[in-house]
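To start, the structure itself, in structure tokens.
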Amino acid sequence: MLDQQISQPELATSAACAMFEAFREGLQENEEAIRLR
Amino acid sequence: MSADFRKSDAVPALEIRPLEFLRKQTGKLHAQLEASVDLNASLGSVSTYRSLLYRYLSVYRPFEEALLSSIAELHDATSWRYHSRVTLLERDLLALGPDFRANQPMRRPTLPKFDNPDSALGALYVVEGSSLGGKLIYREVQRAGARRPLGSRFLFGSGVSNRYCMEGIHGHAGSADLTAGTRHQCCLRNV
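Heads up: the sequence lines are chains A and B, in that order.
Under the working numbering, the letters of the first sequence match residues 1 to 37, in that order.
Under the working numbering, the letters of the second sequence match residues 38 to 228, in that order.
Quick look at the structure:
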């Protein structure tokens, strides 16, 4: 489980935040791009 | 580091389990992401569903490319096995039929750097949680007695579980609108 695997929670959290932002960019901003085609 | 993760908001990491720390620190972003996607609209027709898959592909394709370069180190450190979603998305889009968007460029999102196992695990926490949300919708469709719809490998999961059970990884992984499953069933059965 992640509790045993993560040794530096701050690093994991920073990456998780960036990943949520990447999903928002990809899902939301590309929706607009597709709509305009 | 994301602007939404500030030291002043941080819970001291050593006082709680890493997973709980992750959940608390990313809860706001998780909720914002869910609110930004109109799942009911995306599952309302084949066209909007296909668009949703393309948008997921715009994230998963670069994500998996970046992850591949660090997966060996990650595997050594954690015994994690990652199952490709890109393959599932491509199969689903193929099943739904050709579309002019297939060769159109899409915005490439900014991804975290996977230069250490903890960063890769943090990103996988988000990806696996997203997968769980799709499986919850699938269960709803199953309860409605529907067969597996066409082009649903990605959203409903590959049927392959990670070596480590991810159940419960997100406290609100099931907060996606489950009624969307029924709509999905309706539109995709007619493909």
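C-beta atoms are modelled at their ideal positions from N, C-alpha and C, and glycine is treated no differently.
Start and end of the alpha helix (DSSP H) containing residue i?
| i | result |
| --- | --- |
| B:K61 | 55–73 |
| B:S95 | 83–105 |
| B:N77 | 76–79 |
| A:D3 | 2–5 |
| A:E10 | 9–24 |
| B:D129 | 123–133 |
Would you kindly work out how many angstroms separate the C-alpha atoms of residue i and residue j, rounded to a whole number?
| i | j | result |
| --- | --- | --- |
| A:D3 | B:L56 | 6 Å |
| A:E31 | B:P142 | 13 Å |
| B:A106 | B:L126 | The displayed chain sequence assigns Ser, not Ala, to residue 106 of chain B. Their backbone Cα atoms lie some 21 Å apart in a straight line. |
| B:P146 | B:S121 | 18 Å |
| B:D129 | B:F191 | 7 Å |
| B:F82 | B:V74 | For the sequence presented, residue 82 of chain B should be read as Ser rather than Phe. Each residue's alpha carbon lies about 15 Å from the other. |
| B:E102 | A:Q8 | 24 Å |
| A:F20 | B:A68 | 10 Å |
| A:S14 | A:G26 | 18 Å |
| A:A22 | A:E29 | 10 Å |
| A:I6 | B:N153 | 11 Å |
| B:T63 | B:G166 | 12 Å |
| B:G134 | B:S189 | 13 Å |
| A:E10 | B:L66 | 16 Å |
| B:F193 | A:R24 | 20 Å |
| A:A18 | A:A12 | 10 Å |
| B:D136 | A:A16 | 32 Å |
Going along the chain, which residues of its own chain have a beta-carbon closer than 8 Å to the beta-carbon of residue i, five neighbours each way excluded?
| i | result |
| --- | --- |
| B:I156 | It is worth fixing the name first, because residue 156 of chain B is Ser in this sequence and not Ile. Around B:S156: P149, K150. |
| B:F100 | L148, A160, V164 |
| B:I53 | K61 |
| B:T85 | A78, S79 |
Got a sec? Which residues, its chain only, sit under 7 Å from residue i by beta carbon, not counting five neighbours each side?
| i | result |
| --- | --- |
| B:G196 | In this prediction, B:G196 has a pLDDT of 45, which is less than 50 and means its spatial position is unreliable; nothing more can be read from the coordinates. |
| B:L89 | S79 |
| B:L104 | Y119, F151, A157 |
| B:V96 | P146 |
Write down the C-beta distance between residue i and residue j rounded to the nearest angstrom, noting that I regard them as a contact closer than 8 Å.
| i | j | result |
| --- | --- | --- |
| B:V123 | B:R92 | About 13 Å; that fails the 8 Å criterion. |
| B:R316 | A:A33 | Residue 316 of chain B is absent from the structure shown; chain B starts at 38 and stops at 228. |
Residues in its own chain within less than 6 Å of residue i by CB, not counting five upstream and five downstream?
| i | result |
| --- | --- |
| B:L94 | L126 |
| B:A132 | L187, G188 |
Original post:
Which residues, in chain order, does the stretch 58–83 of chain B contribute to contact with chain A at a C-beta distance below 8 Å?
Top reply: F58, L59, Q62, T63, L66, H67, Q69, L70, S73, V74
**OP:** Name, going along the chain, the residues of the stretch 87–108 of chain B whose beta-carbon falls closer than 9 Å to a beta-carbon of chain A.
**Re:** S88, L89, Y91, R92, Y93, L94, S95, V96, Y97, P99, F100
Original post:
What residues in the stretch 120–150 of chain B have a beta carbon less than 7 Å from any beta carbon of chain A?
Top reply: R138, Q141, M143, R144, P146, T147, L148, P149
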